[in-house]
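S.K.:
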Amino acid sequence: MDLFRNQIDPNQNILPKDGTVNYFGPIVALEKADFYFEQLLNTIPWEHDVVHMFGKRIVTKRKVAWFGDKPFEYTYSNSTKRALFWTPELMELKKLTESLSMETYNSCLLNVYHSGEEGMGWHSDNEKELKQEGAIASLSFGVERKFVFKHKSTKEKVELWLGHGSLLVMKGETQTHWLHRLPPTKKVRTPRINLTFRTIEL
Ligand SMILES: O=C(O)CCC(=O)C(=O)O
Ligand SMILES: [Fe+2]
1 MDLFRNQIDP NQNILPKDGT VNYFGPIVAL EKADFYFEQL LNTIPWEHDV
51 VHMFGKRIVT KRKVAWFGDK PFEYTYSNST KRALFWTPEL MELKKLTESL
101 SMETYNSCLL NVYHSGEEGM GWHSDNEKEL KQEGAIASLS FGVERKFVFK
151 HKSTKEKVEL WLGHGSLLVM KGETQTHWLH RLPPTKKVRT PRINLTFRTI
201 EL
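Taking the UniProt record's numbering, the leading residue of the sequence shown gets 1, the next gets one more, and so forth.
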């Protein structure tokens, strides 16, 4: 179901139940989105992520970076990272995201997917360091990619496309009842950057 490719209504919950997800569509002008994309791609100290799966240590092709209000230590997929302090651009994006979503965040995980071969598998963002049922705001730059939710018990799926400069907000019980993933695709050959603003409680 490619429901939301053209239709964007930030007041509509795109989940049928057990959580709230709002898609705002593009929240910055195209030239500004291009600027952020280039700037982030070229200046963020990107590092490969390490995940532990089935007893194996896997180094992802996707690269990550982690920023916050304080040098938080955060365990993500079994590896511990220390947050860097906001760059001026990230601070700007954080403020814009906070005002549109009417929430606050104290940290941000960045991912760069160099091409469609890179994605992220099914997971929910429910690590113990995260505020329980705290909002997670996802900003995307670069090539449009499909994003999918799957209900943990009914297996119902909801798909949408995350465009250049767009904002998606997941809140309430979403992480408790739904998984999400960024499926790999052979059709995409250019990079995408994603920022997820979160609230850490330590
Ligand atoms: O790249 C995306 O849109 C998803 C990223 C994500 O789910 C995460 O960082 O937890
Ligand atoms: Fe996630």
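Positions of the beta carbon are idealized from the N, C-alpha and C atoms, including for glycine.
Measuring CA to CA, which of GLY68, VAL148, ASP34, TRP86 is closest to THR199?
M.R.: Ranking the options by Cα distance to THR199, first place goes to GLY68.
S.K.: CA-CA distance, GLN7 and LEU195?
M.R.: If you take the alpha carbons of GLN7 and LEU195, they lie about 23 Å apart.
S.K.: Buried or exposed: PHE147, going by 16 or more other Cβ atoms within 10 Å of its Cβ?
M.R.: Counting Cβ neighbours within 10 Å, PHE147 comes out buried, since at least 16 surround it.
S.K.: Just grab the DSSP bridge partners of PRO26 for me.
M.R.: Beta-bridge pairing links PRO26 to SER166.
S.K.: Please report how far the alpha carbon of SER101 lies from the alpha carbon of PHE54, in whole angstroms.
M.R.: Approximately 37 Å between the Cα atoms of the pair.
S.K.: Helix, strand or coil: how does DSSP classify ALA33 here?
M.R.: Three-state DSSP puts ALA33 in a helix.
S.K.: Would you kindly check if the distance between the Cβ of VAL64 and the Cβ of LEU109 is under 8 Å?
M.R.: Yes.
S.K.: How many whole angstroms separate the CB atoms of HIS164 and ALA33, which I take to be in contact at a CB cut-off of 8 Å?
M.R.: HIS164 to ALA33, Cβ: 5 Å. Contact.
S.K.: Which term fits MET91, buried or exposed, when burial requires 16 or more other beta carbons within 10 angstroms of its beta carbon?
M.R.: It is exposed - the Cβ of MET91 has fewer than 16 other Cβ atoms within 10 Å.
S.K.: Which of the three DSSP states is assigned to HIS114 in this structure?
M.R.: It is coil, neither helix nor strand.
S.K.: With respect to the beta strand (DSSP E) encompassing LEU130, which residues constitute its N-terminal and C-terminal limits?
M.R.: Premise fails: LEU130 is in no beta strand (DSSP E) and is neither H nor E.
S.K.: Between the Cα of PRO88 and those of LEU167, THR20, LEU40, spot the shortest distance and give me the residue it belongs to.
M.R.: Nearest option by C-alpha distance: LEU40.
S.K.: Per DSSP, what kind of secondary structure is LYS63 in: helix, strand or coil?
M.R.: Here LYS63 sits in strand by DSSP.
S.K.: Which residue comes first and which comes last in the beta strand (DSSP E) that contains THR174?
M.R.: Where THR174 is concerned, there is no enclosing beta strand (DSSP E), although the alpha helix (DSSP H) it sits in stretches over 174-177.
S.K.: Helix or strand or just coil, what does DSSP make of MET102?
M.R.: The answer is coil: DSSP assigns MET102 none of H, G, I, E or B.
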